[in-house]
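**Student:** Quick one: the structure is below, and I'll ask about it shortly.
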Amino acid sequence: MGEMEFDAPSVLHELANCVEHGRRDATVDIPRGTAGQPGASEWAQRGLAAGMDPLHLLNEGLIVGMKRIGRKFAANEVFIPEVLIAARAMQAGVDALQPALLHRDVPTRGTFVIGTVRGDLHDIGKNIVAIMFRGVGWKVIDLGTDCPPDAFCDALESNPGCVVGLSALLTTTMVNMGEAVERIRAKSSKTVVLVGGAPVDAEFAAEIGADAYAADPHEAIEWLSARFPQE
Amino acid sequence: MPASSERMRWLGGARRRWPIAVEECCIDQAQIARSLGSGSPGAWEVSPKLAPAVLERLAEVQELAAPRVEFVVATAAITNNRSRLLLPELNAALAVGRLVSAQLRGIDAVVVFSLTIGARLERASRKRFSEGQLLEGYVLDALGSMLVESAADAFERRLARELADLGWRMTNRFSPGYCTWATSDQRALFDVLGHRPAGVTLSESCLMFPMKSISGIIGLGEDVVRRAYPCEFCAMESCRQRLVDKAV
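So the sequence lines, in the order shown, correspond to chains A and B. Counted from 1, the first sequence has number 25 at position 37 by the numbering used here; the numbering is strictly sequential. If you count the second sequence from 1, you need to add 50 to reach the numbering used here.
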């Protein structure tokens, strides 16, 4: 710790605020009129310089900010661009922590394999879900778009115990979710499968044997947190 | 020339191609606020932290877009059970469903169209995403969606000008996938239009390429009424459009 009195809770508070409001670093003017003031990057560096545990800065600072923006998004208080601006600030904070995290075993909440199902090339919604999951501490394997069932099965093999998320935007492609769920179940009956996308709902999720439908990333994260509480 | 003879010149299903000037495809602030904004009911606005990213991308979107449309005009009628739109000259039928049929009441003919702004913009958006520039990629994609709608508005304006002397009025435009018209009926619609209309192709799952494309129909008739989209009948509760409209 430096010579000056250092207030760890306030560093965590600032980190969370910077992420929530998208304040990446001192070069950006977000919120307006704050250019030159520290952002997520600088607060992370300050925390490290003061001897704070990088994992603590990550979990109790940056991730807290990401959870807040996720809740606001679910409540329609903010829209996707604000989530992306927050994710950019989160990344700046993580980058600043990276040298200190390099030789540490960083625990994750779990592995989340996500992909848009066969026949569908829409990826924006899937990307947003992936960003939010990464932001709150999950390891994310993004399989991309137009994923055949085999792609999910292969990912299961290399990531045992992972949770799978299936995305579709068209009524003509959501039917391919059923085939994917069936193949995933045949490969590993206990794998948790979540589905989402504009035409999908809870009834359809139950019909194809998925474990849950999530209307937005926050709902998916909350559902998984309830099912797999953090130790 | 009497209107009826002039109408004959348009009918028959011959495919026409119109370029659309990108300058005619305006994206205004209200549209941006509706698509990208946040806030409270009745006060959708683009956050000041997002505004610079939008402004930077606007010029890029105009440069990347190449709007064009191909369409046919054909005599049309709604079936008695109000579920199908018949195009007898083309020996074709579209299963538009009751909601769209109700909007087409009184039509004599229909414009079937395929319109796109090309693939360059979506490629640029994907590239941004793959390079980790998530916000830039997202804004490009959203502006592209606004631009293709704006191009369809420009197409409608030109149609209205060209058809004004024929005594025909126009309905709103309708597309498969909306108002309970099944997305899978894209196949029938593309059959009407022929091979790669406006350069747009259809995948097995009825996804259009380029993705920033609109296909659909516009009803024509002397007494037709242009009505707003009937959101209240749509099952998509979480639709952003519904959320925004509820607030207005």
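Glycine is no exception: its CB is placed at the ideal position from the N, C-alpha and C atoms.
#1: Alpha carbon to alpha carbon, what distance is there between F224 (chain B) and G249 (chain B)?
#2: By Cβ distance below 8 Å, which residues in the same chain neighbour M(-11) (chain A) in space, the five residues on each side in sequence not counted?
#3: Just to make sure I have the definition right: I need the residues of chain B whose C-beta is within less than 8 Å of the C-beta of G107 (chain A). Which are they?
#4: Any beta carbon of chain B sitting closer than 8 Å to that of A75 (chain A)?
#5: With a threshold of 16 other CB atoms inside 10 Å of the CB of C76 (chain B), please say whether the residue is buried or exposed.
#6: Considering only DSSP beta bridges, list what I129 (chain A) is partnered with.
#7: For M261 (chain B), which three-state DSSP category applies?
#8: Please state if the CB of L190 (chain B) and the CB of A202 (chain B) are separated by a distance shorter than 8 Å.
#9: Return no unless some Cβ of chain A is closer than 8 Å to the Cβ of K99 (chain B).
#10: Could you work out which residue in B:R237, B:E73 and B:L140 is closest to A126 (chain B) when comparing CA atoms only?
#11: State the start and end residues of the unbroken beta strand (DSSP E) segment that holds W68 (chain B).
#12: Check whether chain B comes within 8 Å of P69 (chain A), counting only Cβ atoms and requiring the distance to be less than that.
#13: So, helix, strand or coil for T312 (chain B), using DSSP?
#14: K60 (chain A) to L136 (chain B), Cα distance in whole Å?
#15: Could you tell me how far apart the beta carbons of A238 (chain B) and L144 (chain B) are, in whole angstroms, since I believe they sit closer than 8 Å?
#16: Taking the C-alpha atoms as reference points, what is the distance between N131 (chain B) and W231 (chain B)?
#17: Cα separation between Q183 (chain B) and P102 (chain B)?
#18: Whole angstroms are fine: how far does the CA of A80 (chain B) sit from the CA of V298 (chain B)?
#19: Can you list, in chain order, the residues of its chain whose CB lies under 8 Å from that of I157 (chain B), leaving out five sequence neighbours each side?
#20: I'd like to know if T160 (chain A) contacts chain B, where contact means its C-beta is closer than 8 Å to some C-beta of that chain.
#21: In whole angstroms, give me the CA-to-CA distance for G224 (chain A) and P138 (chain B).
#22: Taking contact to mean 3 or more Cβ pairs, one atom from each stretch, closer than 8 Å, check whether the region 150 to 163 of chain A and the region 188 to 202 of chain A are in contact.
#23: Got a sec: which bits of the region 104 to 131 of chain A sit with their beta carbon under 7 Å from any beta carbon on chain B, in order along the chain?
#24: Have a look at V117 (chain A) and L46 (chain A) and give me their C-alpha separation to the nearest angstrom.
#25: Give a yes or no on whether the minimum CB-CB distance between V82 (chain A) and chain B is below 8 Å.
#26: Mark F240 (chain B) as exposed unless 16 or more other C-beta atoms lie within 10 angstroms of its C-beta, in which case mark it buried.
#27: Measuring only from the beta carbon, is R57 (chain B) closer than 7 Å to any heavy atom that is part of the ligand FAD?
**Tutor:** Considering the structure as presented:
#1: 20 Å
#2: With a pLDDT of 41 at M(-11) (chain A), under the threshold of 50, the modelled position of this residue cannot be trusted, and the question is left open.
#3: S253, E254, S255 and L257
#4: yes
#5: exposed
#6: A:V101
#7: coil
#8: no
#9: yes
#10: B:L140
#11: R66 to P69
#12: yes
#13: This structure leaves residue 312 (chain B) out entirely; chain B is present only between 51 and 298.
#14: 48 Å
#15: 5 Å
#16: 15 Å
#17: 14 Å
#18: The pLDDT assigned to V298 (chain B) is 41, lower than 50, so where the model puts this residue is not dependable; a value taken from the coordinates is nonetheless given after this. Looking at the two C-alpha atoms, the distance is approximately 12 Å.
#19: A126, A127, I128, T221, G269, L270, G271 and V274
#20: yes
#21: Residue coverage of chain A in this structure runs from -11 to 219, which leaves residue 224 (chain A) outside it and unanswerable.
#22: yes
#23: G107, D108, L109, I112, N115 and I119
#24: 19 Å
#25: no
#26: buried
#27: Looking for the ligand FAD in the displayed structure turns up nothing, as the structure carries no ligands at all.
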